[in-house]
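Shown next, in structure tokens, is the structure this report addresses.
There are 2 protein chains.
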Amino acid sequence: MSEKVHRVVFVPEGRTLNVPDGQTLLEAARSAGIRINAPCGGKGTCGGCRIVVPENPPPPEESCLRVLSGEEIHRNLRLACQLRVRRNLRVVIPEETRLADQKILVEGAERRTALAPNVRKVVLHLPPPSVADQRSDADRLLDGLAEKGLPDLQLDFGAARDLSGRLRALDFETAAVVLGSDVIGLERPSAADACYGVAFDIGTTTLAGYLVNLVTGEVAAAAGRTNPQTVYGDDVVARIEYCGRDKRGARTLQGLVVDAMNAMIREVCRKAAIRPSVVYEVTVVGNTTMNHLLLRLPVDPIARAPFVAASASGQSVPARDLGLKIHPRGRLYAGPLVASFVGADTVGVILATGLHESDRLRMAIDIGTNGEIVLGMRDRLIACSTAAGPAFEGARIRYGMRAATGAIDRVDLDGDRLILHTIDEAPPVGLCGTGLLDAVVALVEAGIVRPNGAMRSAGDLAECPPELARRVVGTDGDLGFVLASDDETRIGHPVLLMQKDIREVQLAKGAIAAGTAMLLEEFGATAADLEEVLLAGAFGNFIRPERALAIGLIPNVPREKVKFVGNAAGVGARMLLVNRDLRSVAEDVARGTEHIELSRRPDFQQHFAEAMHFPTGRP
Amino acid sequence: MSEKVHRVVFVPEGRTLNVPDGQTLLEAARSAGIRINAPCGGKGTCGGCRIVVPENPPPPEESCLRVLSGEEIHRNLRLACQLRVRRNLRVVIPEETRLADQKILVEGAERRTALAPNVRKVVLHLPPPSVADQRSDADRLLDGLAEKGLPDLQLDFGAARDLSGRLRALDFETAAVVLGSDVIGLERPSAADACYGVAFDIGTTTLAGYLVNLVTGEVAAAAGRTNPQTVYGDDVVARIEYCGRDKRGARTLQGLVVDAMNAMIREVCRKAAIRPSVVYEVTVVGNTTMNHLLLRLPVDPIARAPFVAASASGQSVPARDLGLKIHPRGRLYAGPLVASFVGADTVGVILATGLHESDRLRMAIDIGTNGEIVLGMRDRLIACSTAAGPAFEGARIRYGMRAATGAIDRVDLDGDRLILHTIDEAPPVGLCGTGLLDAVVALVEAGIVRPNGAMRSAGDLAECPPELARRVVGTDGDLGFVLASDDETRIGHPVLLMQKDIREVQLAKGAIAAGTAMLLEEFGATAADLEEVLLAGAFGNFIRPERALAIGLIPNVPREKVKFVGNAAGVGARMLLVNRDLRSVAEDVARGTEHIELSRRPDFQQHFAEAMHFPTGRP
């Protein structure tokens with residue numbers, strides 16, 4: 168091996184590595200603990216490890232040219248797994264290429280959103296007071312802002328208390344922080360460019376947060392966590408019941424989610440090397456229960472007939488009142504809700520996918536613990552929520568886990584040979600949502616699981632490939648299929664797919680498929696009328712469309728009509744952060760979207776029962 | 168004495184007294200501890216003890232006909248000191264007739280103000296939610312208010328938290344409390360008429376508070392106190408200096424005034440038999456320092472050249488943030504300020520006197536520790552503030568006291584005989600502002616005090632009435648005039664007017680007279696151009712105009728041009744409470760009023776020195 172070593176500087180962190188000549192950037196990054204997304208394992212086929220070499224990039228490898236577009240090559244994007252380091256380099260890792268501690272989806276089909284944030288910093292050079300100019304400090308400031316084209320602002324009362332001291336300390340040269348129509352602070356003019364917000368998607372099971380630079384509109388960092396409220400119940404109904412049982416329950420749940428949000432804010436700020444005090448606004452989308460729990464609005468009427476929310480409008484409240492630790496006079500904006508079971512996350516999906524502006528009929532499916540489905544186009548939108556359960560997020564599954572290192576995330580059949588893939592290519596330790604779906608599809612294809620979901624027992628496997636058949640263990644009451652043995656896992660237990668896990672998949676799939684069917688029926692359309700089926704959410708974006716089609720999870724459309732839209736709800740939260748004018752659009756969308764309550768429909772049970780079955784035959 | 172006894176019911180307290188036949192109402196009230204204003208001591212000459220007999224009033228006595236107008240007689244007003252009880256009666260004691268614990272001025276030339284308060288209660292009968300009507304609770308409420316002609320309201324976020332529970336507890340029948348454009352609470356429909364506000368005049372020395380029924384616009388009760396901040400300095404400059412010396416000073420002073428305001432709120436609520444939680448808004452007028460101390464705005468720049476306020480606009484802030492104990496989501500509105508030494512109290516005087524709408528030139532003088540003076544008419548208003556000192560409020564005077572029981576409030580000369588009058592006709596215990604002024608005028612008239620303010624010493628009194636001359640005691644350094652001897656006071660010490668007290672009066676008078684002179688000069692007018700001179704404030708309303716003219720305290724106009732306008736600043740605070748539209752008028756008045764800083768004028772010292780002299784000869 169050559170003794171030659173090159174210096175690679177990772178921007179924006181500024182970390183410098185000494186990289187042996189010829190090592191790939193992916194290897195170099197991993198050896199230094201910098202986690203880069205590489206779903207294909209470094210084969211140069213998936214394009215997940217896109218990085219940017221801003222200056223004088225090496226010529227693209229052939230694999231690069233296959234995976235990246237011409238425009239991307241021109242923008243100096245390369246694949247970290249293919250780029251062998253031959254000289255000193257400066258490298259930028261785009262946020263979507265970073266691997267979060269948990270594999271939370273941070274990218275998204277972000278729509279072009281005009282930069283018009285609710286927070287701005289305005290540099291002012293004010294004349295100091297004199298005997299000829301005795302205007303009050305507040306008038307002096309507001310007059311200065313009016314001269315800059317920002318009339319009719321008011322001074323936040325808390326900021327007014329600091330005003331006189333700040334103006335004099337800064338010699339009347341300042342960057343005024345304007346939030347909505349309020350001036351909330353005065354900073355040094357040199358701080359004018361440090362203006363950030365954090366957009367949150369508060370899911371029942373998963374939280375995602377994005378630090379956005381409000382001067383450039385770019386995502387500066389992202390973070391993901393498990394919603395700590397899951398300890399008190401996997402789904403929204405369980406959490407509402409907990410609040411009903413324990414009178415301090417609502418406060419407990421609110422504190423948990425706020426603590427997690429604060430930890431995520433600290434995390435993204437650390438990543439971007441900024442202080443949380445330059446975060447001035449937080450936007451949140453979440454389902455109605457998550458929204459109400461966060462805002463400490465009562466949740467009881469949500470779960471009780473006739474199922475109403477306390478408040479459906481978008482809410483802007485002082486962040487401090489909720490316990491959020493950003494700028495002391497920063498605010499939180501929670502997006503508007505459609506109904507008691509269709510929340511701001513769905514509104515976010517609509518904004519992100521542009522369904523409300525679409526000329527053709529499209530459907531968006533956000534697969535989470537609550538599966539939210541929206542169908543429609545410009546003139547009509549219908550939405551529903553289905554209690555899919557947390558199976559696809561790895562919960563309620565015997566060997567289930569989140570999509571983290573060692574999770575089996577892909578299962579393929581090569582004849583009668585089982586091929587597993589794990590996240591970070593670590594030894595298998597459990598099964599995440601995509602692996603679960605893959606495993607079920609594989610076993611149905613192999614005939615080990617019947618279309619009705621029943622796993623064949625040891626005595627009934629004569630027609631199945633023997634290599635697979637011998638992996639079926641246990642008895643009728645507790646049948647399981649060994650995906651990885653003790654030897655393979657090296658953690659003291661094997662990883663099995665249990666009969667009960669298959670039932671959970673059936674329930675989740677049944678709920679979502681019944682929802683899509685009933686929305687189409689309500690709209691008077693069929694799958695054939697769909698221009699696109701958009702898959703949103705972490706799970707939705709990591710599954711393979713052919714598998715989702717094979718299992719009947721999504722409407723039966725040609726493969727090419729299935730599109731991934733990333734964490735569309737989170738994208739919606741970012742759009743509401745970056746462009747304040749979208750808040751009234753969101754309000755209109757929320758009020759204009761029809762919602763149907765599946766459980767109240769007489770034909771729901773029939774749809775659901777039908778959808779529990781797996782389609783027969785290979786797709 | 169007749170054995171016959173009649174029942175007298177006092178409204179609104181509902182107290183019932185058994186009154187011997189033929190006793191006057193004033194005597195009956197006093198014997199029961201109900202304090203009624205009676206400056207003339209019950210002679211039927213001053214009209215201070217006006218009461219109302221709403222049903223079947225007895226025919227007016229001759230003295231009544233002299234003192235009350237025909238219109239007042241027609242409105243069933245009578246004099247309590249003249250009305251002898253001959254049968255059962257129901258009696259209403261108007262607020263202005265009640266004697267506060269301290270003789271604080273509560274009446275005022277209240278201008279006709281349209282009833283348009285910032286707080287309203289709106290009774291709603293909302294349809295309960297159903298499967299056919301799943302609007303959120305907030306939308307249901309706001310839709311109901313829109314149907315009542317109140318569109319575009321928003322739900323206060325704190326109220327939103329209680330909303331679902333309240334609506335269900337009330338079966339969707341409620342009185343919504345609307346404050347500004349916010350819904351801040353939901354109450355029982357039966358509580359719809361309990362809607363109150365409190366208007367405060369926060370003076371440097373004296374606080375006055377008025378409970379106003381916002382359904383009728385009437386003053387329901389009033390209270391007065393000494394500003395407890397006086398412990399930390401008699402005037403605004405001393406208090407600002409205290410805040411500069413002690414870094415917790417501003418917090419201390421704020422806490423003191425808020426505690427006093429809370430005590431006054433409790434007092435007026437007790438008097439009107441309501442709970443403080445049905446007080447939804449507080450309005451405040453005060454000079455710039457009092458305003459900033461209350462709101463915890465910095466006061467340092469007020470007293471330091473070039474003398475600017477932190478914020479001059481009207482401020483509406485949550486009452487709870489300041490520590491005020493009214494409805495938990497009630498608000499405080501502090502009126503706008505003109506400049507660092509001309510505050511919202513002056514704006515209140517302008518609103519109350521209508522100077523800003525006047526076709527003729529008028530001057531208003533509010534005599535307090537700060538003397539505020541406004542001169543002008545529709546197109547031009549000029550104001551100034553003079554450091555009169557607290558002499559007329561009884562402070563810095565050797566035997567000075569507030570205008571409370573036992574204070575000498577009037578001093579007359581009948582030849583060489585001194586005639587004293589005390590408040591409540593109690594034995595004299597000290598000297599209040601009007602008594603001080605009277606005493607000085609009497610001694611100047613008698614020649615005991617020279618026009619330059621020097622008291623003649625014992626050897627120099629040959630030409631003075633001997634009856635008075637023998638009351639001069641002490642030596643050159645500490646000359647005094649005995650107003651009441653030990654025997655008369657029965658409190659172990661006499662009451663004297665000291666040489667030093669006369670100097671205080673000269674300083675106060677000089678400051679005010681210099682202010683009025685310089686405003687006239689600035690306006691290009693003379694006293695002859697004045698249509699009216701309006702006297703405001705507690706002191707201003709209890710002095711006798713001829714005395715004020717005699718001593719040169721006010722511009723030299725004919726007696727009939729001097730009018731009393733009560734506590735005009737307090738009236739202004741009430742107007743801002745009763746009619747929210749006046750708040751923008753107040754803002755215009757504050758911005759449109761010119762202010763001159765006397766101390767910066769080169770000719771101030773000359774005016775001041777001239778004004779220190781007492782005019783020679785009897786008026």
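Chains A and B, in that order, give the protein sequences.
Position 522, counted from 1, in the first sequence is what our numbering calls 689; the numbers after and before it change by one each time, with no gaps.
Position 314, counted from 1, in the second sequence is what our numbering calls 481; the numbers after and before it change by one each time, with no gaps.
Beta carbons are placed, not taken as given, at the ideal position from N, Cα and C, and that holds for glycine.
Check: residue i C-beta below 8 Å from any heavy atom of the ligand GDP
{"i": "tyrosine 409 of chain B", "result": "By its list of ligands, the structure shown contains no ligand whatsoever, and the ligand GDP lies outside what it can speak to."}
Residue-chain proximity (residue i, chain A), Cβ-Cβ < 9 Å
{"i": "proline 468 of chain B", "result": "yes"}
{"i": "aspartate 770 of chain B", "result": "no"}
{"i": "leucine 272 of chain B", "result": "The predicted position of leucine 272 of chain B is uncertain, since its pLDDT is 38 and thus under 50; no value can be drawn from it."}
{"i": "alanine 511 of chain B", "result": "no"}
{"i": "glycine 332 of chain B", "result": "yes"}
{"i": "arginine 767 of chain B", "result": "yes"}
{"i": "arginine 174 of chain B", "result": "no"}
Boundaries of the beta strand (DSSP E) in which residue i is found, first to last residue
{"i": "proline 633 of chain A", "result": "Careful: proline 633 of chain A lies outside any beta strand (DSSP E), inside the alpha helix (DSSP H) at 633-636."}
{"i": "glutamate 524 of chain A", "result": "Counting along the chain, glutamate 524 of chain A falls outside any beta strand (DSSP E), and DSSP gives it neither H nor E."}
{"i": "glutamine 482 of chain A", "result": "482-485"}
For residue i, the three-state DSSP class (helix, strand or coil)
{"i": "leucine 410 of chain B", "result": "In the sequence as presented, leucine is not what sits at residue 410 of chain B; that position holds cysteine. Three-state DSSP puts cysteine 410 of chain B in a helix."}
{"i": "histidine 588 of chain B", "result": "strand"}
{"i": "tyrosine 399 of chain A", "result": "helix"}
{"i": "leucine 308 of chain A", "result": "helix"}
{"i": "glutamate 222 of chain B", "result": "coil"}
{"i": "alanine 276 of chain B", "result": "In this prediction, alanine 276 of chain B scores a pLDDT of 41, lower than 50, which makes its location untrustworthy; the coordinate-derived value is nonetheless stated afterwards. DSSP places alanine 276 of chain B in coil when its eight states are reduced to three."}
{"i": "valine 756 of chain B", "result": "helix"}
{"i": "glutamine 673 of chain A", "result": "helix"}
{"i": "aspartate 268 of chain B", "result": "Its pLDDT being 40, under 50, aspartate 268 of chain B is placed unreliably by the model, and nothing is read from it."}
{"i": "aspartate 770 of chain A", "result": "coil"}
{"i": "cysteine 551 of chain A", "result": "strand"}
{"i": "arginine 355 of chain B", "result": "coil"}
{"i": "threonine 456 of chain A", "result": "helix"}
Exposure of residue i, with buried meaning 16 or more beta-carbon neighbours within 10 Å
{"i": "aspartate 526 of chain A", "result": "exposed"}
{"i": "threonine 656 of chain A", "result": "buried"}
{"i": "arginine 307 of chain B", "result": "buried"}
{"i": "histidine 292 of chain B", "result": "exposed"}
{"i": "asparagine 454 of chain B", "result": "buried"}
{"i": "aspartate 748 of chain B", "result": "exposed"}
{"i": "asparagine 255 of chain A", "result": "exposed"}
Range of the contiguous alpha helix (DSSP H) that encloses residue i
{"i": "arginine 335 of chain A", "result": "324-336"}
{"i": "arginine 577 of chain B", "result": "No alpha helix (DSSP H) contains arginine 577 of chain B, which is instead part of the beta strand (DSSP E) from 574-581."}
{"i": "serine 230 of chain A", "result": "229-234"}
Integer-rounded CB distance, given that residue j should sit under 8 Å from residue i
{"i": "proline 503 of chain B", "j": "alanine 343 of chain B", "result": "About 29 Å; that fails the 8 Å criterion."}
{"i": "valine 386 of chain A", "j": "valine 449 of chain A", "result": "Valine 386 of chain A to valine 449 of chain A, Cβ: 15 Å. No contact."}
{"i": "threonine 419 of chain A", "j": "asparagine 394 of chain A", "result": "About 13 Å; that fails the 8 Å criterion."}
{"i": "glycine 602 of chain B", "j": "arginine 577 of chain B", "result": "6 Å"}
Beta carbon proximity, residue i to chain B, threshold 9 Å
{"i": "aspartate 300 of chain A", "result": "yes"}
{"i": "glutamine 834 of chain A", "result": "Since the first and last residues shown for chain A are 168 and 786, residue 834 of chain A lies out of range."}
{"i": "leucine 464 of chain A", "result": "yes"}
{"i": "serine 507 of chain A", "result": "yes"}
{"i": "serine 478 of chain A", "result": "yes"}
{"i": "valine 496 of chain A", "result": "One point to set straight first is that residue 496 of chain A is arginine, not valine, in the sequence displayed. No, its Cβ sits nowhere closer than 9 Å to a Cβ of chain B."}
{"i": "leucine 346 of chain A", "result": "no"}
{"i": "serine 552 of chain A", "result": "no"}
{"i": "arginine 343 of chain A", "result": "Strictly speaking, residue 343 of chain A in this sequence is alanine, with arginine absent from that position. It does not: the Cβ of alanine 343 of chain A has no partner Cβ on chain B nearer than 9 Å."}
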